[in-house]
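Residue numbers (my numbering), protein chains in the order written: chain A, 624 to 807; chain B, 624 to 807. Quick reminder that beta carbons are idealized off the backbone N, C-alpha and C, glycines included. Here is the structure we will look at.
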DNA sequence: AATCTAATTCGATAACCATCGAATTAGATT
DNA sequence: AATCTAATTCGATGGTTATCGAATTAGATT
């Protein structure tokens with residue numbers, strides 16, 4: 624889950640919190656000192672520190688009256704190294720529904736009964752539609768051109784175009800002369 | 624100015640924008656495609672992309688109907704390398720008023736007339752007060768103990784403690800026998 | 001030229017969040 | 001034990017921002 628990454632960036636997406644990190648990079652400070660330096664109230668600084676702690680960027684220990692906060696340098700280095708690694712980025716991308724685009728195109732171009740209003744002019748959208756349409760054919764089964772047209776006609780009257788494009792986009796194949804089609 | 628850093632982190636501090644970055648890491652996408660994939664409206668995605676562009680994380684070019692956005696990998700690498708460098712961190716810290724802590728302590732312990740309500744019990748605060756008090760003495764000039772007490776008395780009646788602590792914290796020095804003091 | 005299509009901009013709304021002050025808690029000093 | 005101090009928590013408030021729908025713009029296709 625990329626929740627952790629969001630927490631990390633949110634923690635640093637505030638100028639006062641960045642200043643806190645900058646100060647703690649020099650040496651540890653108590654809440655009171657930070658508040659005085661940043662000219663904020665202790666309660667506000669406490670709030671900021673809890674956000675930084677949630678991202679594991681700082682930790683604290685008691686020291687007489689004070690709770691002294693220090694920067695977790697390890698975390699900082701680790702994050703800056705791994706943050707934009709290929710694995711990290713693709714794990715974030717993995718969270719999106721890869722079919723959402725096709726689904727939307729199909730939805731936009733379909734009528735209530737499942738037939739198509741029109742055939743999209745744009746290649747990408749046409750391809751999405753064809754990926755949908757081709758599901759009407761069973762894998763490994765052979766169809767005559769007549770049967771193909773019957774099936775396609777439930778989507779759109781222009782079965783010739785659909786048939787041609789399905790082959791063109793290599794979603795179906797046609798045997799040289801016999802006029803037999805199959806899904807690939 | 625750390626404004627740039629804040630912009631950078633703010634740009635990534637949103638889960639949908641992170642997903643966009645994750646997707647663009649694979650390949651370029653149009654606004655419409657991103658909107659379908661994230662199940663957001665194009666106007667919303669446009670908004671997100673403009674934030675990412677402001678941080679120079681993405682750029683776009685027109686392509687037929689679409690404006691196709693791509694990730695600026697250079698920027699990503701550069702940022703992840705320099706983000707937490709010592710120079711970057713200390714430049715952020717440099718924006719805070721280093722005297723703000725002393726000023727606050729002095730303010731908290733001073734009455735309207737400039738004299739001190741009490742002497743702080745905590746070392747750090749006492750030190751801040753002493754750094755303030757010592758300014759009443761000219762650099763390079765010598766003072767008799769009697770004169771020192773006169774000057775200190777405008778801050779607090781316990782001149783003996785003040786005098787002793789000023790020497791203890793090495794803000795003033797005292798000649799062995801003669802009883803002369805000077806600021807250091 | 002007329003028409004589409006996608007992108008952007010704008011205004012409105014709801015959710016989020018930084019900040020504060022007051023009240024409470026935790027802990028140390030006396 | 002009583003008192004003091006700093007930290008935290010809580011509630012309220014004002015400012016920010018993610019999201020949407022409508023209107024507009026920019027550009028390509030016909």
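- For the stretch 633-665 of chain B, the residues whose beta carbon sits under 8 Å from a beta carbon of chain A are, in order, 633, 635, 636, 637, 638, 641, 642, 644, 645, 646, 648, 649, 656, 659, 660, 661, 662.
- Residue range 681-686 is occupied by the beta strand (DSSP E) that includes residue 686/B, with no alpha helix (DSSP H) assigned at that position.
- Nearest to residue 664/A by C-alpha distance, out of 754/B, 724/B, 756/B, is 724/B.
- Nearest neighbour of residue 782/B by Cα position, chosen from 745/B, 768/B, 792/B, turns out to be 768/B.
- Between residue 724/B and chain A, the shortest Cβ-Cβ separation is below 8 Å.
- Look at residue 663/B here: in three-state DSSP terms it is coil, with no helix or strand label.
- With respect to the 8 Å criterion, residue 647/B and residue 694/B are classified as neighbours on the basis of their beta carbons.
- The beta-carbon distance between residue 645/B and residue 713/A, rounded to whole angstroms, is 7 Å. This is short enough to meet the 8 Å contact definition.
- In this structure, residue 691/B keeps its C-beta atom at 8 Å or more from the C-beta atom of residue 672/B.
- In terms of CA proximity to residue 670/B, 640/B leads the group 687/B, 802/B, 640/B.
- Using a Cβ distance threshold of 8 Å, residue 785/A and residue 754/A do not count as a contacting pair.
- When DSSP states are grouped into helix, strand and coil, residue 715/A belongs to the helix group.
- With respect to the 8 Å criterion, residue 642/B and residue 718/A are classified as neighbours on the basis of their beta carbons.
- For residue 778/A, there is no enclosing alpha helix (DSSP H), as DSSP gives it neither H nor E.
- In summary, no residue of the stretch 676-697 of chain B has a CB separated from any CB of chain A by less than 7 Å.
- Around the beta carbon of residue 778/A, 16 or more other beta carbons lie within 10 angstroms, which makes this residue buried.
- Straight-line spacing of the CA atoms in residue 696/B and residue 680/B works out to 8 Å.
- Assigned with DSSP and collapsed to three states, residue 701/A falls in helix.
- Bridge partners of residue 762/B according to DSSP: 806/B.
- For the C-beta of residue 699/B, the chain A residues within less than 8 Å are, from N- to C-terminus, 707.
- Proximity of chain A to residue 729/B at the Cβ level (cut-off 9 Å) is not reached, the minimal Cβ distance being about 11 Å.
- Identification of chain B residues near residue 718/A by a Cβ-Cβ cut-off of 7 Å yields 642, ordered along the chain.
- In the same chain as residue 765/B, and ignoring 5 residues on each side of it, the C-beta atoms closer than 6 Å to its own belong to 803, 805, in chain order.
- Residues of chain B whose Cβ lies closer than 8 Å to the Cβ of residue 771/A do not exist, since the nearest Cβ in that chain is about 29 Å away.
- Among the CB atoms of chain B, none fall inside 8 Å of the CB of residue 672/A.
- Counting of Cβ neighbours within 10 angstroms places residue 807/B among the exposed residues, the total staying below 16.
- The beta carbon of residue 775/A sits no closer than 8 Å to any beta carbon of chain B.
- DSSP places residue 694/B within a strand segment (E or B) once states are collapsed to three.
- The contact set of residue 715/A on chain B, defined by CB atoms closer than 8 Å, consists of 641, 642, 644, 645 in chain order.
- If you draw a straight line from the Cα of residue 733/A to the Cα of residue 800/A, it is about 33 Å long.
- In terms of Cα proximity to residue 631/B, the closest of 736/B, 667/B, 677/B is 677/B.
- Residue 757/B holds the alpha-carbon nearest to the alpha-carbon of residue 774/B among 634/B, 757/B, 666/B.
- Within chain A, the residues placing a beta-carbon under 9 Å from that of residue 629/B are 635, 636, 637, 638, 641, ordered along the chain.
- By the neighbour-count definition (other C-beta atoms within 10 Å, threshold 16), residue 730/B is an exposed residue.
- Straight-line measurement puts the Cα of residue 722/B at about 17 Å from the Cα of residue 746/B.
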